[in-house]
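Novice:
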Amino acid sequence: MGVENSEAWQALKSHCQQGVGDVHLKTLFEDCGRANSFSIELDELFLDFSKNRITEETIGLLVSLAKQQELPEWINRLLTGDNVNDTEDRPAMHSALRASGADVEGEALNVQAEIGVQFDKMEHIVNKIRSGQWRGYSGKPITDVVNIGVGGSDLGPLMVTHALQTINSPINLHFISSIDGTQTSNLLKSLNRETTLFVLASKSFTTIDTLSNAETARDWLEEAISDSKTLLSQHFLGVSTKPDMMTKWGIPEENQLLFWDWVGGRYSMWSVIGLPIALKVGMSGFKEMLAGAHLMDHHFGTAELNKNIPVLMGLIDVWNINFLNIQAKAILPYDARLKYLPSYFEQLVMESNGKSVNRSGEKVSYKTCPILWGEVGPNAQHAFYQLLHQGTQPVMCDFIAPIERDDFDRNSVSDKDGSLRNQHELAMANCFAQSRVLMLGDAAIPDSIKEKFNSPFKHYPGNQPSNTILLKTISPKTLGMLVALYEHKTFVESVIWEINPFDQWGVELGKLIAKEAHAAIKGDESICTFDSSTQNLIKRLVK
Amino acid sequence: MKVSVFGCELSGLVTAGALAQTGNQVVAMPIGVAKVEDLRDGVLPREEPGLSQLVKSQIEEGGLVFESEWETGVEHGEVLILSMPSWRLDRAEEVVKVIGESATRDVLVVNQSSFPIGTADRFENQVKQAFARRGLSAEVSVVAMPEFISEGSAIGDFTRPDRIVLGSGDEEAIKKIRDLMRPFNRVTDQVKVMSTRAAEYTKFAVNALLATRISLINELANNAEHFEIDMEEVRQGLGSDSRIGFSYLYPGCGFGGPSFAADVKSLVGTLRSKGYDADLLKAVLSNNESQKEILFRKAWRFFNTDLKGKKIAVWGLSFKPNTSTVENAPSINTIEALVAQGASVCAYDPKAVPDFKANWQDGSGVDYSDDMYDALEGADALFILTEWKAFWNPDYALMKERMKTAVIFDGRNIYDPEVIRAQGFRYFGVGRGETV
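Just so you know, the protein sequences line up as chains W and V, in that order. So the first sequence is numbered by the working numbering: it starts at 1 and just counts up by one. So the second sequence is numbered by the working numbering: it starts at 1001 and just counts up by one.
Structure follows, in structure tokens:
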């Protein structure tokens, strides 16, 4: 029996049909205690989930669904390192990476020692680079580090280092991911071979995107460095689960940082894949990020379901998707430093839950992962917010904003700091206003100007649900908390939907077929077995 | 004349001692860590040739007295001299405050310190305002008289100056300082009178020009290596051009010291705070930081990027000969770089070991020797970072005997490549010797 036929699911269905599904948010907000009842705070993170189309009873029924789906047991299995990734027969121990040796059990405890060894090695390398004592071939200190990686080996470090841009770093960081070589050829023009170090980050160390960019980087260095031992030992670091493959490529053992197959790519920034983050903010900053995430892990593992932030967010998304039929979600950070957060969550959420068979391999008959996208909120207001306010799609939104900024002095009386403070307040005003209008629609229009909105083109239906997450500030710690929150809420949804969020078979076939297509482009006769469209496209390329 | 000197670092002590020697009654007051008791006993915070004798003799003859209370100095002096390191502006502010609050008659202040441009005018206004608050009607004048002394030759620089720069619009004040400095201004008139700010700027401009000259000659020397040119030959060709001249034309492993780099940095900082960029001077500073590691880079390449376990002997830690100071010295950057690569260092310096130890963060990785030849024991290479006289004609045979391999990296170009090669050494200078 699928979950959709279960008692708890059916109870939610009838709860929805008995009226809650049709109640407008503005009606729910007639209860002025609502904001207090539907918000929760953990350390430096505050979640307001009151602007969802839910009642206390909805929460109760969702928690019953979670219990029916044995969510507490699944959380325990996840955090202790059970083989929750059953199609690949391994655990998903990203939370073990941030435990710092304490407060974990089971396999997650057993791996602490090997995690510690790699973090110590990482710290040594990071300190050497940041202190200007990692030398290029000519003896000059390395000033620029280029991370070559794709997917999980790119997005996490890119997102976090961009988010922490107000923290000064002695190292300039760059990221190359795309297979086409444009990023590489552009970047190399501005770099100096004497002072550039490349990090090859690839879980499998077979990713063609990464290896092809690495080859280009190596060729570029060879134009100046004749000794290949020096080239490899001073200008390349490797980060992978495959030491043999790194050695084969030429990276010396002391330049290799290891992680393990039980770290999913999209969960790998907590491992040595986070090297660029540590280069940006120091190993102590990196560990603050881990500690922030661990704080969320601990909360996820111990808080009651109805007071558990990832559980609540996951269950409310299930409610929105499966009972209110909302199939789209927007991630809307109100701070340009969080520019890459939407992309990061796109991978985290859609690669995890974009699936249509359950753990037993049966096709599910209910919706799973929504389409998720996003953009820095104030910019998106000038783009796709039109659809949010007046389109035909219901969309659930997550607004994310820092309460404080750390790049100006709050007590300063200088004009510049005053202007920056004003800008921050403006951004927050927009954040709060947008979620309000999405919720209330026309009801948000003040009486004094209602007249001006008397037109079908100026009608705002409202009733779009949203969460608002406020961080104390954007820091390693709060980013750790935030990302761990989304990891866990994604896991919560997978448990309800009975799918495995830790594999990604959907991306494999494309890679394989790309190899065939590449062979065909290079002249292989297999081209005649291709469909006519592909044949035509290839012919246009090779003529 | 009754003179009070605020500041008992090198410049203050030289000024106080030299002025006492010419018959003035001088009261000197420390503004930093130096203690009055020590100074009275002749224990000086800095070593400087001749200074200890000068101070002692003036104490004995009664012309020089050390006091701790600044008010005493304000009361005593017809001329109040501020003579402090550039980074002690905070203390100067305090002295100026005391002057404003406790002076009872006309005040003539001479500022010798390298404070930001405009400081003398600002001090003058502050004292005037303090007088106005107190209802005291008395003249106030702050004259800029930048010091141009160098460590190692400070007394001579003060008593036989190339020029005495006086910045002030107050003719009476200039007359008085001229008279005070008369004994040091005998052969021809060396006094250059100008506006206060021009005088302050002159000091910065001199150091900026010299620093630029050194960095440029260093860059030319580094590049000469690529063409296998001996920079010494080029130096002769350059210096003989009367427009260029020979001074400050020696390539080497970078300049250091307490004032040189600091003054240029300060000027760059002042300009930036006003919204202007000093592109060339910024390049001079970064070029010099890089130059301080040039011997490390040569050794890095010579040993094929593997310095782990190598033993490196270092001769010279001070930023220049005849001083015990390592402030901004290439020795710090160079030895840090060597130790970070796992090399061990044994250092010899006639005077600067205590100061180096005080500036060396964790104290590990470096041994010190009391004897220049002992430092060479088992060394894979020798680095020469300061051109102390004792290094110029060493016992080559003894050196080779002590060293594991006879390799010299010379940051001061004190040897002749031909001679040293004939002695059996591999030799790498700056723009001279072998290229690596």
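Even glycine gets a Cβ: it sits at the ideal position worked out from N, Cα and C. Quantities reported herein were computed from a predicted structural model and do not represent experimental measurements.
1) If you run the structure through DSSP and keep just helix, strand and coil, what is threonine 468 (chain W)?
2) Taking a contact to mean a Cβ-Cβ separation below 9 Å, would you say leucine 1013 (chain V) touches valine 1079 (chain V) in this structure?
3) From the DSSP secondary-structure annotation, give me the bridge partner or partners of methionine 1194 (chain V).
4) Which residues in chain W have a C-beta closer than 8 Å to the C-beta of alanine 1340 (chain V)? List them in chain order.
5) Between which two residues does the alpha helix (DSSP H) carrying cysteine 1346 (chain V) extend?
6) Locate the beta strand (DSSP E) running through glutamate 1377 (chain V), then write down its first and last residues.
7) Can you tell which of V:Leu1051, V:Thr1405, V:Ser1324 and V:Gly1316 has the C-alpha that lies nearest to the C-alpha of aspartate 1157 (chain V)?
8) If you run the structure through DSSP and keep just helix, strand and coil, what is leucine 1317 (chain V)?
9) I need the straight-line Cα distance from arginine 1182 (chain V) to phenylalanine 1246 (chain V), nearest angstrom please.
10) Can you pull the chain V residues whose beta carbon is under 7 Å from the beta carbon of glutamine 555 (chain W), in chain order?
11) Roughly how many angstroms lie between the CA atoms of asparagine 127 (chain W) and glutamine 1361 (chain V), to the nearest whole one?
12) Return helix, strand or coil for aspartate 1410 (chain V), following the three-state DSSP convention.
13) Examine chain V for any beta-carbon lying closer than 9 Å to the beta-carbon of lysine 121 (chain W), and answer yes or no.
14) Does chain V have any CB closer than 9 Å to the CB of tyrosine 137 (chain W)?
15) Can you pull the DSSP bridge partners for isoleucine 22 (chain W)?
16) Which residues in the same chain have their Cβ closer than 6 Å to the Cβ of aspartate 1438 (chain V), if we skip the five residues on either side of it in sequence?
17) Between which two residues does the alpha helix (DSSP H) containing serine 1102 (chain V) stretch?
18) May I ask you to list, following chain order, the residues of the stretch 220-232 of chain W that have a beta carbon less than 9 Å from some beta carbon of chain V?
19) Using C-beta distances below 8 Å, list every residue in its chain close to valine 1339 (chain V), excluding the 5 sequence neighbours before and after it, in chain order.
20) Suppose you measure from the CA of serine 414 (chain W) to the CA of leucine 420 (chain W); what does that come to, to the nearest Å?
21) Alpha carbons only, please: which of W:Leu231, W:Glu41, W:Trp497 and W:Trp270 is nearest the one belonging to valine 318 (chain W)?
22) Rounded to whole angstroms, what is the Cα-Cα separation between glycine 1316 (chain V) and arginine 1402 (chain V)?
23) To be precise: take each residue of the stretch 54-87 of chain W, compare its Cβ to all Cβ atoms of chain V, and keep it if any distance is under 9 Å. Which residues remain?
24) Cβ of aspartate 48 (chain W) within 9 Å of Cβ of leucine 470 (chain W)?
25) Compare the C-beta of lysine 140 (chain W) with all C-beta atoms of chain V and state if any pair is closer than 9 Å.
26) Just checking: is the beta-carbon of alanine 1337 (chain V) within a distance shorter than 9 Å of some beta-carbon in chain W?
27) How about phenylalanine 1428 (chain V): is its C-beta nearer than 9 Å to some C-beta of chain W?
28) Suppose only complete runs of 3+ residues qualify. What are the beta strand (DSSP E) ranges in the stretch 1108-1184 of chain V, listed by chain order?
29) Less than 9 Å between CB atoms is the rule here; does serine 1364 (chain V) satisfy it with respect to chain W?
30) For arginine 1272 (chain V), would you say it is in contact with chain W, using Cβ-to-Cβ distances shorter than 9 Å as the test?
31) Look at the alpha carbon of arginine 266 (chain W) and the alpha carbon of glycine 151 (chain W), and state the distance between them as a whole number of angstroms.
32) Residues in the stretch 1281-1303 of chain V with C-beta within 9 Å of chain W's C-beta atoms, listed in sequence order?
33) Considering Cα atoms alone, identify which of V:Ser1004, V:Glu1147, V:Phe1227 and V:Leu1249 is closest to glycine 1237 (chain V).
34) In three-state DSSP terms, what is glutamate 41 (chain W)?
35) For the alpha helix (DSSP H) containing arginine 1301 (chain V), name the first residue and the last one.
36) Could you give the distance in angstroms between the alpha-carbon of alanine 427 (chain W) and the alpha-carbon of lysine 189 (chain W)?
Specialist: By the coordinates alone:
1) strand
2) no
3) V:Gly1167
4) Lys128, Ser131 and Gln133
5) That residue, cysteine 1346 (chain V), is in no alpha helix (DSSP H); its beta strand (DSSP E) goes 1344-1348.
6) Here glutamate 1377 (chain V) belongs to no beta strand (DSSP E), and DSSP marks it neither H nor E.
7) V:Leu1051
8) coil
9) 30 Å
10) There is simply no residue 555 (chain W) to check, as chain W begins at 1 and stops at 543 in what is shown.
11) 15 Å
12) strand
13) no
14) yes
15) According to the sequence as given, residue 22 (chain W) is aspartate; it is not isoleucine. Answer is none; aspartate 22 (chain W) lacks a bridge partner.
16) The structure shown does not extend to residue 1438 (chain V), since chain V is modelled only from 1001 to 1436, so the question has no answer here.
17) 1089-1102
18) Asp227, Lys229 and Thr230
19) Val1345, Ser1364, Gly1365 and Val1366
20) 10 Å
21) W:Trp497
22) 18 Å
23) none
24) yes
25) yes
26) yes
27) no
28) 1140-1144 and 1164-1167
29) no
30) no
31) 7 Å
32) Ser1290, Glu1293, Ile1294, Phe1296, Arg1297, Lys1298, Ala1299, Trp1300 and Arg1301
33) V:Leu1249
34) strand
35) 1294-1302
36) 36 Å
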